[in-house]
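Residue numbers (my numbering), protein chains in the order written: chain A, 2 to 402; chain B, 2 to 402.
Using N, Cα and C, we set each Cβ at its ideal position, and we do this for glycine too.
In what follows, a single structure is set out as structure tokens and then discussed.
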């Protein structure tokens with residue numbers, strides 16, 4: 002990947018349109034002789050593969066299994082090692098919170114402590130999401146600000162919530178309060194650098210007042226905070242690539258990740274059909290569309306092979322609606338692999354399909370992991386995907402004379 | 002790519018000989034089902050492919066279209082982002098000027114200005130090359146030196162010339178004088194760093210005296226300068242790789258690029274046949290030969306598919322003469338792709354053919370982009386080509402014990 006400064010100097014705005022269609026966790030491994038992508042009936046994807054070119058892209062590097070954050074950061078063209086997204090920020094984006102650059106967000110767990118202040122359950126018996134919402138309301142009513150710092154609390158799910166500290170002079174370099182083991186007290190937040198002293202003091206004041214507010218609410222009578230983080234200072238796609246980028250995603254975390262790199266997030270419905278309809282309705286307003294399909298990953302995580310196959314077939318069946326819009330460049334890929342066999346993210350590279358008038362056609366004729374392994378694009382860092390899309394849309398000028 | 006210091010510590014001089022045969026702009030995309038390399042009848046290259054191994058090499062990175070400068074820097078084994086060659090240097094090498102490391106070269110345009118000094122034509126009505134030569138003679142007679150700095154002027158073509166400033170204490174970090182738009186005055190050269198103040202002063206003095214000398218020569222009554230640059234400080238091939246390298250190229254720019262990395266430039270004729278004859282005549286004097294065939298690129302730029310096919314066939318027909326010399330290692334590749342469809346350089350990786358007694362033979366049997374995509378070398382940075390050639394010539398020792 003060339004440096005951002007070079008990408009910025011080469012990119013030009015043109016009327017051509019790019020669609021990056023991401024089936025989350027698409028890549029898989031074979032079970033009973035086939036991967037879900039191989040088992041699925043996908044005549045449209047197979048035709049695109051035959052007329053286009055295939056390859057494999059590495060989200061991070063060989064053997065490295067990425068979380069959704071780094072996988073998308075890479076797919077959007079940024080170095081995932083350099084631009085790491087803190088747990089607190091990821092959690093906040095995951096519930097669609099809009100953050101300011103100077104905010105410090107943290108992931109919170111409701112927890113149980115005994116009379117001596119020792120932690121007896123790090124998840125407060127996994128209280129219900131409804132109970133969580135009730136307690137967040139209790140805390141929010143009791144604590145508006147600490148030491149001049151605004152505190153914003155939001156329920157995530159079960160025992161998980163997000164706390165955002167907002168105000169001047171905050172710094173994310175604060176240590177976690179979770180002792181990680183039972184029978185110990187929670188650890189006071191500490192400033193890891195002098196600049197974070199104000200933040201650590203505010204956090205500790207917040208915890209003291211939260212303990213007071215939660216006193217009568219055992220098992221959720223305390224909280225543990227970790228992943229203190231501010232939004233990354235990441236160059237925006239408009240500036241780097243001179244794109245007008247938009248994101249279409251049904252899950253908040255992916256909308257949040259897209260927002261971090263400068264995409265406009267378009268309201269959409271719950272289904273792939275809704276997403277393609279949103280794409281159509283906004284076609285004239287943008288020149289880059291990130292369209293995110295979540296369910297391939299969800300079923301991979303569940304180990305549900307037939308359901309993953311069905312999602313892929315659904316996308317293939319709906320693809321003609323996307324193709325009717327005549328994108329100049331279309332890429333179909335995953336952010337990372339989620340093999341049903343592993344029921345989780347994996348290190349396997351992503352199948353990658355590229356369609357444009359300028360691709361170098363290869364000898365592949367179906368969209369599958371095995372055909373991608375011998376495709377014309379070879380194996381490349383996912384971070385380079387954007388440059389490839391821009392080049393095929395004739396949006397990159399020559400480097401050097 | 003391993004660091005230069007490691008390459009230097011591993012390389013050894015041996016009697017083996019390497020030929021790097023570069024067909025400029027060789028890579029292409031299909032039109033009516035075939036690329037020029039696929040359409041060409043190339044029995045010799047196909048046999049070499051079957052007995053050797055293929056791959057694809059990236060001049061810079063996915064999606065990045067290189068100019069000839071960075072493409073060759075990469076092919077010669079250097080990081081093309083680190084070692085960037087300025088416009089002035091490239092222009093000077095393009096007319097075979099020999100430069101000193103401390104020279105500052107700049108590309109000049111003859112231009113027109115009105116009585117008020119406003120630029121009315123940035124190319125002086127594209128005057129003829131003959132007129133250019135006449136005006137360069139006028140300026141050269143009037144201006145030998147400015148502020149103790151020697152000025153060397155050479156005609157390039159039409160309105161383009163090269164000015165080289167030669168003397169002690171010069172620095173390339175000087176701003177361009179071209180206002181880029183009509184109706185403005187040319188911009189005085191400014192030092193971008195304090196070390197360049199002497200150079201900027203000399204440049205401005207030169208412009209003032211050139212304006213005086215050109216006063217009566219409207220439309221070419223002034224000049225615009227850009228791309229101030231010194232030869233890059235680039236490690237020489239002799240030192241890094243312990244090679245005795247020679248370049249055989251019909252076009253001056255490629256001779257100039259080869260000279261920058263330490264190659265001896267051999268006089269040759271105009272045709273591929275001449276070049277192969279030069280190779281034969283100098284076979285005993287060197288152990289590394291860069292042989293450059295230009296016309297594949299020229300016809301790619303013209304979009305002339307049949308002519309590009311013919312050049313490839315001509316090379317194939319002449320190849321037995323090269324093979325008679327029994328090179329220990331032969332690579333056939335491009336510096337970048339120049340698809341006829343795009344009529345210009347592109348981002349597509351280079352087809353790469355490697356022949357030596359030690360290659361790991363793969364399943365390919367013809368030299369084409371598609372077969373290269375499934376070749377045993379896979380896809381690799383062009384910058385690593387030299388290490389691959391040296392290794393196959395048994396010119397690299399083991400790294401570590």
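- Query: If you check the beta carbons only, do residue 381 of chain A and residue 58 of chain A fall under 8 Å apart?
  - Reply: yes
- Message: Rounded to whole angstroms, what is the Cα-Cα separation between residue 129 of chain B and residue 89 of chain B?
- Response: 21 Å
- Cross-chain neighbours of residue 328 of chain A in chain B, by beta carbon under 7 Å: In chain order: nothing, as chain B lies at least about 17 Å away.
- Task: Measure the CB-CB distance between residue 320 of chain B and residue 45 of chain B and report whether it falls below 8 Å.
- Result: yes
- Counting only the same chain and skipping the five closest in sequence on each side, list residues whose C-beta sits under 6 Å from that of residue 153 of chain A. 165
- Message: Within the continuous beta strand (DSSP E) that includes residue 114 of chain B, where are the two ends?
- Response: 105-114
- Which partner residues of residue 32 of chain B appear in the DSSP bridge assignment? B:35
- Query: Taking the C-alpha atoms as reference points, what is the distance between residue 357 of chain A and residue 374 of chain B?
  - Reply: 18 Å
- Task: Run down chain D in chain order and give the residues with a C-beta less than 8 Å from the C-beta of residue 109 of chain A.
- Result: Absent from the structure is chain D; the protein chains it does hold are A and B.
- Query: The alpha helix (DSSP H) with residue 254 of chain B in it runs from where to where?
  - Reply: 253-261
- Query: If we ignore side chains and look at the alpha-carbon of each, how far apart do residue 323 of chain A and residue 322 of chain B end up?
  - Reply: 54 Å
- Task: Would you list the one or two residues that DSSP bridges to residue 54 of chain A?
- Result: A:355
- Task: Go to residue 98 of chain A, then tell me how far its beta strand (DSSP E) extends in each direction, as first and last residue.
- Result: No beta strand (DSSP E) holds residue 98 of chain A; DSSP gives it neither H nor E.
- Message: With the cut-off set at 8 Å, would you say residue 109 of chain B and residue 22 of chain B are in Cβ contact?
- Response: no
- Determine the direct distance from the alpha carbon of residue 362 of chain B to that of residue 31 of chain B, and round the result to whole angstroms. 26 Å
- Message: Quick check for students: name the residue ranges of the alpha helix (DSSP H) that lie wholly in the region 322-387 of chain B, counting only runs of 4 or more.
- Response: 370-374
- If you draw a straight line from the C-alpha of residue 344 of chain A to the C-alpha of residue 157 of chain A, how long is it? 23 Å
- Item | Contact list for the region 331-352 of chain B against chain A, Cβ threshold 9 Å | 338, 340, 342, 343, 345, 346, 347, 348, 349 and 350
- Query: Looking at C-alpha atoms only, which residue of A:239, A:254 and A:334 is the closest neighbour of residue 91 of chain A?
  - Reply: A:254
- Query: How do the region 198-218 of chain B and the region 231-239 of chain B stand: do at least 3 beta-carbon pairs fall below 8 Å, yes or no?
  - Reply: no
- Task: Express the C-alpha separation of residue 342 of chain A and residue 42 of chain A in angstroms, rounding to a whole number.
- Result: 20 Å
- Query: Measuring CA to CA, which of A:121, A:142, A:183 and A:230 is closest to residue 174 of chain A?
  - Reply: A:230
- With a 10 Å radius around its C-beta and 16 neighbouring C-beta atoms as the bar for buried, classify residue 282 of chain A as buried or exposed. exposed
- Item | Opposing strand residues paired with residue 276 of chain B [DSSP bridges] | Paired residue(s): none; residue 276 of chain B is not in a bridge.
- Item | Under 7 Å (Cβ pairs) to chain A, residues found in the region 30-41 of chain B | 30 and 31
- Of all Cβ atoms in chain B, is any one closer than 8 Å to the Cβ of residue 388 of chain A? yes
- Task: Drop a sphere of 10 angstroms on the beta-carbon of residue 286 of chain B, count the other beta-carbons inside from all chains shown, and report buried for 16 or more, exposed for fewer.
- Result: exposed
- Task: Using three-state DSSP, classify residue 318 of chain B as helix, strand or coil.
- Result: helix
- Message: Let me check one thing: in DSSP terms, what residues is residue 86 of chain B bridge-paired to?
- Response: Note: residue 86 of chain B sits in no beta bridge, so no partner.
- Query: Looking at chain A, which residues of the region 64-84 of chain B have a Cβ within less than 9 Å of any of its Cβ atoms?
  - Reply: 64, 65, 66, 67, 68, 69, 70, 71, 72, 74, 81 and 82
- Task: Would you mind telling me which residues of chain A sit closer than 9 Å to residue 86 of chain B, beta carbon to beta carbon, in chain order?
- Result: 401 and 402
- Specify, as a first and last residue, the run of the beta strand (DSSP E) that residue 175 of chain B falls within. Segment: none, residue 175 of chain B is in no beta strand (DSSP E) and carries neither H nor E.
- Item | Cβ distance (whole Å) where residue 214 of chain B is taken to contact residue 143 of chain B below 8 Å | 4 Å
- Message: List, from N- to C-terminal side, the alpha helix (DSSP H) runs of 4 residues or more that fit wholly inside the region 175-208 of chain B.
- Response: none
- Rounded to whole angstroms, what's the CA-CA distance from residue 186 of chain B to residue 221 of chain B? Just pull it up for me. 15 Å
- Message: Tell me whether the region 12-29 of chain B and the region 386-396 of chain B touch, counting them as touching only if at least three CB pairs, one residue from each stretch, are closer than 8 Å.
- Response: yes
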